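Here's the structure, in structure tokens; my notes come after.
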Amino acid sequence: MSENGTSFDASLQIGAPFGTTAEELRIAAIGSRIQFAQSELQTVQAYIDVIHAGKIMVTPDDGSELPADSLVHLGSVLSNYEQTLFDQIAELEYKQEMLLFPPDEDSRDDDGIPDNEDA
15 MSENGTSFDA SLQIGAPFGT TAEELRIAAI GSRIQFAQSE LQTVQAYIDV IHAGKIMVTP
75 DDGSELPADS LVHLGSVLSN YEQTLFDQIA ELEYKQEMLL FPPDEDSRDD DGIPDNEDA
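Residue numbers in the sequence shown follow our numbering, run continuously in steps of one, and reach 133 at the last position.
Below you can see the structure in the form of structure tokens.
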């Protein structure tokens, strides 16, 4: 019975929509990820500013006093996340640039150093 059936997966060969290439889709996806990371970075930086300015008031449910430096750990976590976002944006921008302007293999000398780089 399986000899007469066609593969469902074979019929689902998805091509690029509206004539865009797979490379163009990758570039667009990376651009979208960069925009999201930049937006997230702005949010994190705003939270860091609020924490360091001391504009947060925390009142525990039981009415007890909080330690004076109770938000220091939160500021540290946000600062680490901020650095992670900077690194992620830089990596994505590098990938996007490599897709937009691939290195020219013909411009390399015999020693593997591009013509435009001095040793």
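Ideal placement from N, C-alpha and C gives every residue a C-beta, glycine not left out. Quick caveat: nothing in here was measured; it's all calculated off a predicted structure.
Problem set entry | alanine 51, buried or exposed, once every other Cβ within 10 Å from all chains shown has been counted against 16 | Translated into the one-based positions of the sequence shown, residue 51 becomes position 37. Result: buried.
Problem set entry | Of the residues Asp76, Gln97, Leu39 and Val72, the one placed nearest leucine 55, counting alpha carbons only | Counting from 1 along the sequence shown, the entry for residue 55 is found at position 41. Comparing Cα positions, the closest option is Gln97.
Exercise. When you compare only the Cα positions, how much space is there between glutamine 49 and leucine 88?
Worked result: By one-based count along the sequence shown, residue 49 stands at place 35. By one-based count along the sequence shown, residue 88 stands at place 74. Between the alpha carbons of glutamine 49 and leucine 88 lies a gap of roughly 25 Å.
Exercise. By DSSP, does aspartate 118 sit in helix, in strand, or in coil?
Worked result: Locating residue 118 in the sequence shown gives position 104, counting from the first residue. Three-state result, aspartate 118: coil.
For this session: Could you check the C-alpha separation between threonine 57 and glutamate 37 for me, to the nearest Å?
Result: Here the question's residue 57 lines up with position 43 in the sequence shown. Here the question's residue 37 lines up with position 23 in the sequence shown. The alpha-carbon atoms of threonine 57 and glutamate 37 are separated by roughly 30 Å.
Problem set entry | Length-filtered (4 minimum) alpha helix (DSSP H) runs lying within the segment 71–104 | Here no run is fully enclosed.
Exercise. Taking buried to mean at least 16 other C-beta atoms within 10 Å of its own C-beta, is isoleucine 70 buried or exposed?
Worked result: Counted from its first residue, the sequence shown places residue 70 at position 56. With fewer than 16 Cβ atoms within 10 Å of its Cβ, isoleucine 70 is classed as exposed.
Problem set entry | CA nearest to the CA of histidine 66, picked from Ser93, Asp75 and Thr35 | The residue labelled residue 66 in the question sits at position 52 within the sequence shown. Closest option to histidine 66, Cα to Cα, is Ser93.
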